[in-house]
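Contents: one structure, followed by commentary.
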Amino acid sequence: NSVSVSNTTEFDISDSVLLKNIFGYRHLKSANRFDFDGTPVTLVGSEEYQESRQYSNELQLQAQLFNRSVDFIAGLFYFRENGDNRQVTNGRASGGVIRNTSYAAFAQATWHTPFVPGLSLTAGGRITRDDRYYDAQNFAPGGACRIPVDDATPTIVLSPCSLINEASFTEPTWTFTADYKISPGMLVYANYRRGYRSGGFTLAGTRRAEFEPFRPETVDDIEVGAKMDVDFLGGPMRV
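Quick look at the structure:
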């Protein structure tokens, strides 16, 4: 089940400047059962329990500048998640407590050029920092800890069975776009964007090396295209 609450507050500083705040809260809770072996008899059964509370807030400043020839937005973003994720498979229990925090600052501007009517140029950037915290546990069916003190001596396990993992990741992302409205029914455009997904930790492990954080992912996206409104067999069609 889930509970979600959101609030958007806007304040007009002037007829061309807007201050906007977006707040969100979510409480998520789930319990699932799986049968991994695919036979009529449950040979490898698993149960997963998850619960998390998430808070987010984004503050935006939106403005139309230079006689409304530039659309501008800048802001700050904050996100925090506290959760617990457990999985039990044939008596083996793994998972733990997580805490994720994200901070970001961003700005973007679109210039509607006066020298070429219909041509708009957009540039935007964002810097994001993600902090990851994971208190991992892993128990055998009898309750013994399965996380070793180090991989060189796998029979010597942690006591208490708790391994704190922390990592931080910072990455810039951006977008650059040019679009040209040749006519009321035809638009051509090109853009270049970079996206980012934070690194983190795997849910379960029985070796210390398996609890090393995985690195973030980045993707570069280049797109060129056109949108056209045309008449097709007497009716409107968009291509």
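Just so you know, we're using the working numbering here: the sequence shown kicks off at 1077 and counts up by one. Note that beta-carbon positions come from the ideal geometry of N, C-alpha and C, so glycine has one too.
DSSP places Asp1206 inside the beta strand (DSSP E), whose first and last residues are Leu1195 to Phe1215.
Residue nearest to Thr1204 within the set Gly1301, Tyr1272 and Ser1090 is Tyr1272 (criterion: CA-CA distance). Checking the DSSP bridge columns, you'll see Leu1135 partnered with Asn1097 and Leu1152. Cα atoms of Ala1266 and Phe1252: separation of roughly 8 Å, rounded to the nearest angstrom. By the CB criterion at 7 Å, Tyr1210 and Phe1155 fall outside the cutoff. Excluding residues up to 5 positions away in sequence, Ser1145 and Ser1196 lie with their Cβ nearer than 6 Å to the Cβ of His1188 in the same chain. In this structure, the straight-line span from the alpha carbon of Thr1085 to that of Asn1097 is close to 5 Å.
In the displayed model, Ala1285 falls within a helix according to three-state DSSP. Residue burial is scored here from C-beta neighbours: Arg1208 has at least 16 other C-beta atoms within 10 angstroms and is therefore classed as buried.
Ser1170 is bridged by DSSP to Gln1163 and Asn1214. Shortest Cα-Cα distance from Ala1220 to any of Asp1113, Met1304 and Leu1234 involves Leu1234.
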